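>
2 protein chains.
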Amino acid sequence: MKHVRVVDLTQHLSGPYCTWTLASLGAEVIKVEAIHKGDSARETSPFVNGKSIYFESVNRCKKSLAVDLKTEAGKQILTELLKTADVLVENFRPGVRARLGFSDEALAAINPRLITASISGFGQTGSHAEYPAYDIIAQAMSGVISVNGEENTKGVRVGFSIGDIAAGMFATIGILHRLYERDAAGQAPGAPLDISMVGCQVALLENAYARHLNAGDRPAPMGSRHPSIAPFESYAAADGHMVIALGSNADWPRFCSAIGADALTDHPQFLSTELRLEHRDALSAVLERHFATGPVDHWLERMRLAKIACAPLMDVAGFAASAFAQESGAFVGLTTDATRRFSKHPLAEAVPTPPAPLLGEHSRQVLINLGYEAEQINVLEAAGVVQSAA
Amino acid sequence: MKHVRVVDLTQHLSGPYCTWTLASLGAEVIKVEAIHKGDSARETSPFVNGKSIYFESVNRCKKSLAVDLKTEAGKQILTELLKTADVLVENFRPGVRARLGFSDEALAAINPRLITASISGFGQTGSHAEYPAYDIIAQAMSGVISVNGEENTKGVRVGFSIGDIAAGMFATIGILHRLYERDAAGQAPGAPLDISMVGCQVALLENAYARHLNAGDRPAPMGSRHPSIAPFESYAAADGHMVIALGSNADWPRFCSAIGADALTDHPQFLSTELRLEHRDALSAVLERHFATGPVDHWLERMRLAKIACAPLMDVAGFAASAFAQESGAFVGLTTDATRRFSKHPLAEAVPTPPAPLLGEHSRQVLINLGYEAEQINVLEAAGVVQSAA
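Protein chains in written order, with full-length UniProt numbering: chain A, 1 to 390; chain B, 1 to 390.
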């Protein structure tokens, strides 16, 4: 997608995750940032060499144009840029884009081929449109928190920003779909995509809502256990924890044999899935006494030979240091510094990626490509309309 | 994408979530299922009118062809179908597709324009490729569980199948990207997309890994609280819970005023973000005494007027019954029965969707479109190669 130009008017995480994906697929992503300040994620700790790790992670492979969109000259620059663009992504509060002069109608007049995606907490219209939203708001409102956590609790926020990330991913899907329809099927780009963080969370909870709306279930946190299969949870071994997930009752004898506990196979409390569910605590106690006699790797090796689904309960440090992370290329370095490593995008090659841009790093380059003369750019810089990286 | 044909050889959730998305965007999705049995998700409880709700939710808008791929005639049918297809999605254990006769090379020979996506737990190659994996395995292995849950715990499985769903979403992005490159830029489809559930989880944890790999952080569960902002968590009011998320220290006086607690603004324990973080438990106690004097809606209304980010802590039943769910079109009915409601796909129109297919519901239609004669189909059915819905 090297010929696809994306104008990125997003901050924080939802929009940047979308444009990180588009950049990882090869699109040219030009991040348009406020002068002097830029994406507020640039101020989020921790920092390494003065750069926000939070910002660096999802802004790799992008360019930065720093421009003051409150000035007429700044608006003109964005207008010129949008004329050359295929995609605009923004996650302003609904209404802000129009107040800046870039309403749906204005965008259609500037570039009728432009595909726009607008990400917001609650959607562009309706009673909640103008309410501020962060990840935790979308998680709380949509019911995500209410199904996440240990049994008999009121739930806990998912420990990463799935409220933002899901919106970014659905926005990406919508953008790619429209690019396809436009360039392969000759369709008009249509009205801006209206991506609601809450709506995206509801789509992640499709099973919980399907059960509630059609079978009257009331989904609630249920820990790591499976409602209808056992063993299907986490167990302690001598040196750590592991997760074991039987596929069905047919796995039970093979599982018992694999861990050297054949006597369990015909234990009257554990003979069927139903019995194991009924005696789950007793089962856990028996298994953990057994697993205490050996380390995680010992048990995993035996279960894997028997095709029992299992995994170590890895923490971030453990996974990062694992042979599997290494062999699967889970992380990539930067082209500028191989020791700075980040999650590889699942759809990108496992090669070093260009670093996130400095604020205004590509201002001059972008303006020159738009036809601005060097002297004009100097004037814009002096007037505080445009900022270039030091 | 009505002219895009997707052959769907997936089961359970990761693949079906991908093809649900493609179907929601208008593609023709033909789900190829084993005769008599079909997608094993068809057997997952709860059931309504004999149909699995789990299955129904993510198989809407698809067709079903039931065929025995272990027979030569069945393989021939799949081959003919693939010749007419744009996309193949499968989530077999790595190696199974090749053993069925549809290796990468065989697929390229059958249809050089075919875009293939293979979803698996650990990727198609490497030491873990053949290990069985379910959602909880991907969550455990990738570190997701280790960052999700209450503070000072070993973490808990995310309470919905993000291990499967993320893989399905990244597969969708990869497929749309390749369709674009093929049909808009004339590129060859390339080798099958290798979508690893674990790899996709690592991309969701990009921030946790970025902090660990570059700043030495050791991410762990931290409940619903924010590490560097307060208030940013859940509080009890008189009739339920709500989440409040200050954007920055600048929100604090406005927040205090909004809830009618101006005296708190200058309270020496709560004067700055740092102080509020230090005295977070005291702050929670003070706020919950205050919030106990009114219901959730009272506090939300006041905070929203002051542009403070907040939301009710909704459970699934509460959100489903909410005015917001209604006005935002969060759920849609089936074309065959408006009372059967499911999550709306974020990129689909808010109109009723066709129901998930019966096993083999479209077998005859698909075969006729491939050029099979009615008499041939009768023979195939009698021989147990093909099954049509009763």
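Every residue gets a Cβ at the ideal spot worked out from N, C-alpha and C, and that includes glycine.
As the structure is a computational prediction, the values presented were derived from the model and not from experiment.
I'd like to know if Pro253/A contacts chain B, where contact means its C-beta is closer than 7 Å to some C-beta of that chain.
No, Pro253/A lies away from the interface with chain B (no Cβ there is under 7 Å from its Cβ).
> Checking the sheet assignment: what are the DSSP bridge partners for Met242/A?
The partner list for Met242/A (beta bridge, DSSP) reads Tyr235/A and Pro312/A.
> Hey, is Tyr180/B's beta-carbon within less than 7 Å of any beta-carbon in chain A?
Yes, Tyr180/B lies at the interface with chain A (some Cβ there is under 7 Å from its Cβ).
> Give the secondary structure of Leu107/A by DSSP, where H, G and I count as helix, E and B as strand, and everything else as coil.
In this structure, Leu107/A counts as helix in the three-state DSSP scheme.
> For the stretch 57-81 of chain B, which segments carrying the beta strand (DSSP E) assignment without a break, of at least 3 residues, lie completely within its bounds, in sequence order?
Within the stretch 57-81 of chain B, the complete beta strand (DSSP E) runs of at least 3 residues are 63-67.
> CA-CA distance, Ala138/B and Leu88/A?
C-alpha separation (whole angstroms): 34 Å.
> If you count every other CB in all the chains shown that lies within 10 Å of the CB of Gly371/B, and 16 or more means buried, which is it?
The residue is exposed, with fewer than 16 neighbouring Cβ atoms inside 10 Å.
> Below 7 Å on C-beta distance, what does Leu176/A contact in chain B?
By Cβ distance, chain B contributes Ile173, Leu176, His177 and Tyr180.
> Any idea what DSSP makes of Ile259/A, helix, strand or coil?
Of the three classes helix, strand and coil, the one that applies to Ile259/A here is coil, per DSSP.
> Listed in chain order, which residues of the stretch 130-142 of chain A have Cβ atoms closer than 7 Å to some Cβ of chain B?
Result list: Tyr131, Pro132, Ala133, Tyr134, Ile136, Ile137, Ala140, Met141 and Ser142.
> Pick from Asp239/B, Leu205/B, Leu367/B and Ser284/B: whose alpha carbon is nearest that of Cys317/A?
Checking the sequence, you will find Ala at residue 317/A rather than Cys. It is Leu205/B whose Cα lies nearest to the Cα of Ala317/A.
> Helix, strand or coil: which one does DSSP assign to Ala208/B?
Looking at Ala208/B - three-state DSSP - the assignment turns out to be helix.
> If you reduce the DSSP assignment to three classes, tell me which class Arg340/B lands in.
DSSP places Arg340/B in strand when its eight states are reduced to three.
> Pull up the DSSP beta-bridge partners for Val6/A, would you.
Val29/A and Val87/A, per the DSSP bridge assignment.
> His305/B: buried (16+ other C-beta within 10 angstroms of its C-beta) or exposed?
For the sequence presented, residue 305/B should be read as Leu rather than His. Exposed: under 16 other Cβ atoms inside 10 Å.
> How would you list, in chain order, the residues of chain A whose beta-carbon sits under 9 Å from the beta-carbon of Asn148/B?
Simply Asn148, Gly149, Val156, Arg157, Val158, Gly159 and Phe160.
> Assign Thr273/A to one of three DSSP states: helix, strand, or coil.
Thr273/A falls in the helix class under three-state DSSP.
> What residues in its chain sit with their C-beta under 6 Å from that of Asp164/A, if we drop five residues either side in the sequence?
Closer than 6 Å at the Cβ level, and outside the excluded window around Asp164/A, lie Leu13, Ser14 and Asp135.
> Whose Cβ in chain A lies nearer than 7 Å to the Cβ of Thr21/B?
Those are Ile173, listed as they occur along chain A.
> Reducing DSSP to helix, strand and coil, say where Val48/A ends up.
It is a strand residue.
> Considering only DSSP beta bridges, list what Ser328/B is partnered with.
DSSP output for Ser328/B lists no bridge partner at all.
> Following the continuous alpha helix (DSSP H) through Leu22/A, name the residue where it begins and the one where it ends.
Looking at the DSSP string, the run of the alpha helix (DSSP H) that includes Leu22/A is Ser14 to Ser24.
> Suppose you measure from the CA of Leu25/A to the CA of Glu151/B; what does that come to, to the nearest Å?
Rounded to whole angstroms, Leu25/A to Glu151/B spans 37 Å at the Cα level.
> Let me know if Asp315/B comes out buried or exposed under the rule of 16 or more other beta-carbons within 10 Å of its beta-carbon.
Asp315/B is buried by the Cβ-count criterion.
> I'd like the span of the alpha helix (DSSP H) that includes Asp217/B, first residue to last.
From DSSP, Asp217/B is part of no alpha helix (DSSP H); its letter is neither H nor E.
> Would you list the residues sitting across from Ile119/A in a DSSP beta bridge?
Ile195/A.
> When burial is assigned at 16 or more other CB atoms within 10 Å of the CB, is Arg99/A buried or exposed?
So Arg99/A counts as exposed.
> Please state whether the Cβ-Cβ distance between residue 394/A and Ser322/B is less than 7 Å.
Here chain A has residues from 1 to 390 only, and residue 394/A is not among them.
> Consider the Cβ of Val6/B: report whether some Cβ of chain A lies at a distance smaller than 7 Å.
For Val6/B, the answer is no, since every Cβ of chain A falls outside 7 Å of its Cβ.
> For His212/B, decide whether its Cβ has a neighbour in chain A, counting only Cβ atoms nearer than 7 Å.
Answer yes: the Cβ-Cβ gap between His212/B and chain A drops below 7 Å somewhere.
> List, in chain order, every chain B residue whose beta-carbon is nearer than 9 Å to that of residue 391/A.
The structure shown does not extend to residue 391/A, since chain A is modelled only from 1 to 390, so the question has no answer here.
> Do you know how far the Cα of Ser196/A is from the Cα of Val4/A?
Rounded to the nearest angstrom, the two C-alpha atoms are 24 Å apart.
> Relative to the alpha-carbon of Ala309/A, which residue among Ile244/A, Asn91/A and Ser142/A has its alpha-carbon at the smallest distance?
The shortest Cα separation from Ala309/A among Ile244/A, Asn91/A and Ser142/A belongs to Ile244/A.
> Just checking my contact of Cys61/A with Val29/A at CB under 8 Å: how many whole Å lie between their CB atoms?
Contact flag correct, Cβ pair sits at about 7 Å.
> For Leu370/A, which residues does DSSP report across the bridge?
Answer is none; Leu370/A lacks a bridge partner.
> Can you tell me the Cβ-Cβ gap for Val156/A and Ser161/B, rounded? I've got them flagged as a contact below 8 Å.
Incorrect: roughly 17 Å between the Cβ atoms, too far for contact.
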